[in-house]
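Heads up: the sequence shown begins at 706 in this note's numbering, then just goes up one per residue.
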Amino acid sequence: MSEDDQDIVTLKIAGIEYQLYCPPEEQSTLIEAGEILDKRIKSIKRKTRNLPIEKVAVLAGLDVVNEFLSNEGASSIEANDESSAATDEKSAANVSEEKVDSSEEENLSLKLVDEISELSKL
């Protein structure tokens, strides 16, 4: 395997494979980003079966970026996707607050999806 081949990462998002150049030190982050985006696309697609995949992908991208900006960092996205058990009251309170924020953001996402679905019927 040549050195250039080691810099190629294959991601599967919404059933489509993408081969992307990526430096080795950034590959794990790119793979994780692809997995997060793929999960969001699948989640939105389940809720809006008649929406074209292009629109679903845009909504998923907006949802991920909105969450990133709301939580000021990629680690917050990971924390919302992989909730862990709290070991003390303070941690439990923080997790509870994150779940409330996450559910509010999901409601906003669903509202956007519903509105776009209605618009696409026009």
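Each residue gets a CB set at the ideal place from its N, CA and C atoms; glycine is no exception.
Residue i classed as buried or exposed, judged by whether at least 16 other C-beta atoms fall within 10 angstroms
i: I746; result: buried
i: E772; result: buried
Whether residue i touches residue j by CB criterion (7 angstroms)
i: I718; j: L756; result: no
i: V761; j: K750; result: yes
i: G739; j: L716; result: yes
i: S723; j: D712; result: In the sequence on display, residue 723 carries Tyr and not Ser. No; because the gap between Cβ atoms is not below 7 angstroms, this pair is not in contact.
Nearest-angstrom beta carbon gap, residue j and residue i [assumed within contact, 8 angstroms]
i: L735; j: V714; result: 6 angstroms
DSSP three-state assignment for residue i, whether helix, strand or coil
i: T734; result: helix
i: E772; result: helix
i: E759; result: helix
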